[in-house]
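Peer 1: Per the numbering used here, the very first residue in the sequence shown carries number 1; after that it's consecutive.
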Amino acid sequence: MKLHWDNVYYNKNENEVSWYQKIPKTSLDHIKSLNLNLDSKIIDVGAGESRLVDNLLDLGFNNIDVLDISKKSIEKAKNRLGEKSEKINWIVSDINDFVSNNKYDLWHDRAAFHFLKDSSKINNYVELANSCLNSNGKIILGTFSSNGPLKCSGLEISRYNSSSINEIFKKHFILLNHRISIHPTPFDTFQEFMFAVFEKK
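1) Using C-beta distances below 7 Å, list every residue in its chain close to His30, excluding the 5 sequence neighbours before and after it, in chain order.
2) Are the stretch 165–173 and the stretch 121–132 touching, with three or more C-beta to C-beta distances below 8 Å?
3) Measuring only the C-alpha atoms, how far is Lys2 from Leu34?
4) With distance defined between alpha-carbon atoms, name the residue in Asn11, Asn7, Leu52, Phe173 nearest to His108.
5) Around the C-beta of Lys41, are 16 or more other C-beta atoms found within 10 angstroms, so that it is buried, or is it exposed?
6) Residues in the same chain with beta-carbon distance under 7 Å from Lys84, minus the five sequence neighbours each way, listed in chain order, please.
7) Do you know how far the Cα of Arg159 is from the Cα of Phe113?
8) Evaluate His183 with the Cβ neighbour count: other Cβ atoms within 10 Å of its Cβ, from every protein chain shown; 16 or more gives buried, anything less gives exposed.
9) Check whether the Cβ atoms of Leu28 and Asn55 sit closer than 8 Å, and answer yes or no.
10) Would you report the Cα separation of Asn15 and Thr185, rounded to the nearest angstrom?
11) For Gly142, which residues does DSSP report across the bridge?
12) Run through the stretch 3–40 for me and flag every whole alpha helix (DSSP H) of 4 or more residues, listed as ranges in chain order.
13) Do you know how far the Cα of Leu116 is from the Cα of Ile122?
14) If you drop the 5 nearest sequence neighbours on each side, which residues of the same chain put their C-beta closer than 7 Å to that of Asp188?
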């Protein structure tokens, strides 16, 4: 899997992948609605070259981790941010292998979780998020909806609706809200996402 994503980020520019967003509006709207303190500990899981981190810095957040399986995507994001990149804790890791002593207030994942197909890896993800979050910590999770694509970057994904995603996370989390978001790709096509916001029990 690491080889696949390194290959993607070596061979494609930022705006040549379907998930590119100049401004990640849906994620930002959810984050703003949570009224987090600016020193809240935030992790962006499977971030790739996402510009969410740029926007979080612009909003004044100062305690941000960015995780991705691809070293190349992290390098490109660092280069884009320049000196600002020194304010970020960058982590190169497969989420399945991630070990952290940090406790987060917000766990954000747009379009990483839905690549998990194996039930044991899905369960491990939920347990990891639970162990990494502070009491009342939040998850913002964006996946392809039940009407979304069947594949992304040539890989099969799992599609979710509010009921199916809640079933997976309900052991440790309360579903606060959910919404459908239509993502316009750089290729003049549209993808339907489902965003869910959870709070740790």
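Cβ coordinates follow ideal geometry from the N, Cα and C atoms, glycine included.
Model, not experiment: these values are computed from the prediction.
Peer 2: Once the coordinates are examined:
1) Here His30 has Ile140, Phe195, Val197 as same chain residues with Cβ atoms under 7 Å from its own Cβ, once five neighbours each way along the sequence are excluded.
2) yes
3) Each residue's CA atom was taken as its position, placing Lys2 and Leu34 some 33 Å apart.
4) Leu52
5) buried
6) Counting only Cβ-Cβ distances below 7 Å, and skipping sequence neighbours, we find Leu57.
7) 10 Å
8) buried
9) Result yes, Cβ atoms of Leu28 and Asn55 sit closer than 8 Å.
10) Taking the straight line from one Cα to the other gives about 9 Å.
11) In DSSP, Gly142 forms a bridge with Arg110, Phe195.
12) 25–33
13) 6 Å
14) No residues qualify anywhere along the chain.
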